[in-house]
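**Q**
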Amino acid sequence: MNARINELMSKMTLDEKIGQLNLVTPGGAVTGAVVSKDVETKISKGQVGGLFGIIGPDKIRRAQELAVNTSRLKIPLFFGSDVIHGHKTVFPIPLGLSCSWDMALIEKSARVAAVEAAADGLNWTFSPMVDISRDPRWGRIAEGSGEDPFLGSAIAQAMVKGYQQSDLSKDNTLAACVKHYGLYGASEGGRDYNTVDMSRVRMYNEYLPPYKAAVEAGVASIMSSFNVVDGVPATGNHWLLTDLLKRQWGFKGLVVSDYTSLSEMINHGMGDLQTVSALSMNAGLDMDMVSEGFLNTLKASVNAGKVSVKRIEDACRKILELKYRLGLFDDPYRYCSEERAAKLLLSPEHRQAARSAAAQSFVLLKNDQGVLPLARKGTIAVVGPLAHSRRNMLGTWSVSGDHEKAVTVLEGIKAVAGPNVNILYTKGANLSDDTVFAKKV
34 MNARINELMS
44 KMTLDEKIGQ
54 LNLVTPGGAV
64 TGAVVSKDVE
74 TKISKGQVGG
84 LFGIIGPDKI
94 RRAQELAVNT
104 SRLKIPLFFG
114 SDVIHGHKTV
124 FPIPLGLSCS
134 WDMALIEKSA
144 RVAAVEAAAD
154 GLNWTFSPMV
164 DISRDPRWGR
174 IAEGSGEDPF
184 LGSAIAQAMV
194 KGYQQSDLSK
204 DNTLAACVKH
214 YGLYGASEGG
224 RDYNTVDMSR
234 VRMYNEYLPP
244 YKAAVEAGVA
254 SIMSSFNVVD
264 GVPATGNHWL
274 LTDLLKRQWG
284 FKGLVVSDYT
294 SLSEMINHGM
304 GDLQTVSALS
314 MNAGLDMDMV
324 SEGFLNTLKA
334 SVNAGKVSVK
344 RIEDACRKIL
354 ELKYRLGLFD
364 DPYRYCSEER
374 AAKLLLSPEH
384 RQAARSAAAQ
394 SFVLLKNDQG
404 VLPLARKGTI
414 AVVGPLAHSR
424 RNMLGTWSVS
434 GDHEKAVTVL
444 EGIKAVAGPN
454 VNILYTKGAN
464 LSDDTVFAKK
474 V
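Heads up: the sequence shown is residues 34 to 474, going by the working numbering.
1) Can you find at least 3 beta carbon pairs, one from the segment 126–133 and one from the segment 95–103, that sit closer than 8 Å?
2) For Asn156, I'd like the list of residues in its chain whose CB is within less than 7 Å of its CB, leaving aside the five on either flank, ordered along the chain.
3) Would you say Gln385 and Leu138 are within 8 Å of each other, going by their C-beta atoms?
4) Can you say whether Val342 is buried or exposed, counting buried as having 16 or more other CB atoms within 10 angstroms of its CB?
5) Identify whether Trp282 lies in helix, strand or coil by the three-state DSSP scheme.
6) Would you be able to state if there are at least three C-beta pairs under 8 Å between the segment 210–218 and the segment 255–270?
7) To the nearest whole angstrom, what separates the beta carbons of Asp168 and Gly223, a pair I think is in contact under 8 Å?
8) With a threshold of 16 other CB atoms inside 10 Å of the CB of Met45, please say whether the residue is buried or exposed.
9) How big is the Cα-Cα spacing for Ile165 and Arg173?
10) Can you round the beta-carbon distance between Val57 and Val323 to whole angstroms, since I take them to be within the 8 Å contact cut?
11) In this structure, how does DSSP classify Leu457 when only helix, strand and coil are distinguished?
12) Would you kindly check if the distance between the Cβ of Ser370 and the Cβ of Pro90 is under 8 Å?
13) Expressed to the nearest angstrom, what Euclidean distance is found between the alpha-carbon atoms of Leu398 and Pro406?
14) Could you tell me if Leu302 is buried or exposed, where buried requires 16 or more neighbouring beta carbons within 10 angstroms of its beta carbon?
15) Contact criterion: CB-CB distance below 8 Å. Does Arg94 meet it with respect to chain C?
16) Quick check on Ala62: does DSSP put it in helix, strand or coil?
17) How far does the alpha helix (DSSP H) with Lys194 in it reach, from first residue to last?
18) Out of Thr429, Trp430, Asn425, state which residue places its alpha-carbon closest to the alpha-carbon of Lys438.
19) Where Pro365 and Trp272 are concerned, what is the direct C-alpha to C-alpha distance, given to the nearest angstrom?
20) Buried or exposed: Ala96, going by 16 or more other Cβ atoms within 10 Å of its Cβ?
21) Where DSSP assigns a beta bridge to Asp321, which residues make up the other side?
22) Quick check on Thr158: does DSSP put it in helix, strand or coil?
23) Can you name the residues that DSSP bridges to Gly113?
24) Exposed or buried, Tyr217, counting other C-beta atoms within 10 Å across all chains shown (16 or more means buried)?
25) Expressed to the nearest angstrom, what Euclidean distance is found between the alpha-carbon atoms of Gly154 and Met298?
26) Looking at the secondary structure, which residues open and close the alpha helix (DSSP H) in which Asp75 lies?
27) Just to confirm before moving on: does the CB-CB distance between Gly451 and Val416 stay below 8 Å?
28) List in chain order: all unbroken alpha helix (DSSP H) runs of 4+ residues lying wholly within the segment 385–424.
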């Protein structure tokens, strides 16, 4: 690997090395308000290292052909997505899976997700999300494993193992990306992106263990978070990204920003785009997701003596190493098999695994007077707007799932109860994700 990357980097211009640090999205499975522009042109110019937001072997093959056939050095792209709790076959949300306390089951869920996502053209997942949170107001609790650092650490390792196995070059594995580093779940007041201010004792004992566990499990990449730690945004925090992660914990993989978390440091008062890009590069960030601060400002910072060429080359090497480990230099199209996709996506075996995981994740707190299981007679009232919502059945962060294939709670109860049960249903309340409507109420 080193010999091949050394040879390649000796041919690369500084612009091409900076181009590898640029992660963009042409749209699709988008998690933010910003969508990258002129993506095809940038790929041809060697200004893109990876893509996310496109899924499917045919679409990914076309994007890869653009990189391999039209860029000067023909460096392949890698392709990521938020594969959080399953891909096409959707498993319970991570918080639900954590209720099983079954590491083999949780690892299996990641294994199935990796097999499907890799068959669908992907080779990188922005998962597992391992943030500890103890504030019920925080809106992303559902993505993680709850409040317990012991459980969270065990699940982090199980998920990494399930995604990556022991050989990333196999076409049924994914490079994992643990997120959001760090302390994201401890944002003050449960407000996303907010300040985190805590003692080192609490930090090391309660919030850092799952990230460290993922590193010890060999996670390929880590995503920096939006929040401030000790007054400095995590994406530009040298203590967090270099002193702790790379030096103390010995992490050798790729550090990528969250969606525009680099440019959002401007709103934290850290400076303009060039300043925050230099800050994050010097702090230990290797790849910029969507902000394009690295692409558009790093060369000027090098000329101004604000960033060293060596640091840029170190970041570029991390990206090329991951591409090598994924086998992309040997076969850029190894993840682009429509035949495998047709065979593996939503296969009966995978759907059964998801059904079993759901059953094992249920927690019965109290079966008062033996009400459960419900009898196949009498009257059953089903109340609530989500009881007959197909979309809601997939849970949060199921970007590749098809809710049209879901069975609603009401439909499921009717199917199981049979003809001798009188089932009454009412919405009970209205739900809407229309922002204009929400402001009026």
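A virtual CB, placed ideally from N, CA and C, is assigned to each residue, including glycine.
All of these numbers come straight from a predicted model, not from anything done at the bench.
**A** Considering the structure as presented:
1) no
2) Phe111, Phe112, Leu207, Ala208, Leu359, Tyr368
3) no
4) exposed
5) coil
6) yes
7) 4 Å
8) buried
9) 10 Å
10) 6 Å
11) strand
12) yes
13) 14 Å
14) Inspection of the sequence shows that residue 302 is occupied by Gly rather than by Leu. Exposed, since its Cβ has fewer than 16 Cβ neighbours within 10 Å.
15) Among the protein chains of the structure shown there is no chain C, as only one such chain exists.
16) Note that Ala62 has pLDDT 44, beneath the 50 cutoff, so the model's placement of it is unreliable and the number below is only indicative. Residue state, collapsed to three classes: coil.
17) 182–197
18) Asn425
19) 36 Å
20) buried
21) Asn55
22) strand
23) Phe85, Trp157
24) buried
25) 32 Å
26) One point to set straight first is that residue 75 is Lys, not Asp, in the sequence displayed. Unbroken alpha helix (DSSP H) run through Lys75: 72–77.
27) no
28) none
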